[in-house]
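Residue numbers (this note's numbering): 2 to 272.
Ideal Cβ positions, reconstructed from N, Cα and C, are used throughout, including at glycine.
Notes for the one structure printed next.
Here it is in C-alpha cells:
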C-alpha cells in the first residue's frame, strides 16, 4: 500500500488523483482528522508522533513539510523517516528541491532530508522538483498593469505542477525500478520575466531587491517567509534558477507542458 502525505496540498491532490486513475492502492494522509466513513484517508501530522502510524505502508510518498524554519522542518522529516524505519516501510519517495534551488533560503532542510534518507536502511527515490510555474506567475503578478517583482532578466526553468504529479505517479507505479535514484525535475523550457510581460502585454519595471524587501514589511507573513521570497528573487536575478537539463521527459508519457502560458495564467489570476 502507498501512503501519500500532505494530502490537502495542490501537488498531493494531483498525485492522489493520478494514482487513483492508474489503479494504485493509495491512502491519503493529512493533518486534518478524516471523516470516519472514508477509509482512503487517515490523519498524518508530522508534529504529532502518535499519528505517524505506518504499520501497513509499503511505499511512503513524503511530501516536504517545508513551510517553516529549518529546525522545525528537519525535526518533522526526521520523525517521519524514523517512524518509517520503525514500522518497516520499504521505500520512501521524497519531494525535494531541484539543484537550481541550492541558493534558495529553504534548500537546507531539503538537502538534510536527502542525506538522512541516503544514510538510512530505507530504499529511497528523490524527486528534486523545480519551482512551480504557477508560483512564479503568482509572485510576478502585475499591480496596476505593471509587473514589478524583481526577477531580473535571466532565464528561468520553472515546471508545471501537473508534470511533477505525473512524474510522481510514474515512480509510484513501480517504486523499486526507481530505487536509489535522484531525478532533477526542472521545466522543459526556459524563459524570462520580460517574456512573460510580453505575453501579458504589460510593462516589466522590476523593483530593486531593497524595494521588494520593503514591500514585504507590512505583509501578513511569518518571520521566515520574507527571506524565502527574497532568495527566490535574488537567485532569479543572478541567473541561478535556469537549468540546462531535466530528467522530466524520462518520467512522462508526453512532452513537458509549456510553462510560460501556465505562469502567465497564474499571474492573471492574482491580478
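Close-in-space but distant-in-sequence residues of the same chain around residue i (CB under 7 Å, 5 per side omitted)
i	result
residue 205	148, 194, 195, 198
residue 106	228, 229, 232
residue 164	249, 253, 257, 258
With 16 other Cβ atoms within 10 Å as the buried cut-off, status of residue i
i	result
residue 177	exposed
residue 254	exposed
residue 92	buried
residue 40	exposed
residue 269	exposed
residue 99	buried
residue 13	buried
residue 220	exposed
residue 2	exposed
residue 19	buried
residue 9	exposed
residue 222	exposed
residue 175	exposed
Inter-residue CB distance, residue i and residue j (contact presumed, cutoff 8 Å)
i	j	result
residue 67	residue 111	7 Å
residue 7	residue 74	With 8 Å as the limit, residue 7 and residue 74 do not qualify as a contact, their Cβ atoms being about 13 Å apart.
residue 15	residue 166	4 Å
residue 244	residue 104	That pair is no contact at about 13 Å.
Cutoff 8 Å: residue i Cβ touching any chain C Cβ
i	result
residue 107	Given the protein chain composition of this structure (a single chain), no chain C is represented.
Cβ neighbours of residue i in the same chain (closer than 6 Å, five flanking residues each side left out)
i	result
residue 150	140, 141
residue 146	203
residue 179	126, 172
Cβ-Cβ distance between residue i and residue j below 8 Å
i	j	result
residue 80	residue 53	yes
residue 108	residue 82	no
residue 130	residue 97	yes
residue 153	residue 238	yes
residue 267	residue 201	no
residue 188	residue 143	no
residue 123	residue 85	yes
Beta-carbon proximity list for residue i, same chain, < 8 Å, skipping 5 on both sides
i	result
residue 168	128, 184, 186, 249, 252, 253
residue 240	153, 155, 156
residue 117	78, 79, 82
residue 209	151
residue 33	9, 44
For residue j and residue i, the rounded distance between their alpha carbons
i	j	result
residue 133	residue 102	12 Å
residue 55	residue 31	13 Å
residue 76	residue 114	10 Å
residue 261	residue 87	44 Å
residue 192	residue 25	36 Å
residue 94	residue 29	14 Å
residue 272	residue 5	In this prediction, residue 272 has a pLDDT of 48, which is less than 50 and means its spatial position is unreliable; what the coordinates show is noted afterwards. About 33 Å.
residue 215	residue 135	24 Å
residue 46	residue 59	19 Å
residue 162	residue 119	26 Å
residue 27	residue 259	29 Å
residue 170	residue 21	9 Å
residue 226	residue 72	15 Å
residue 90	residue 213	44 Å
residue 57	residue 49	19 Å
residue 11	residue 234	23 Å
residue 190	residue 246	10 Å
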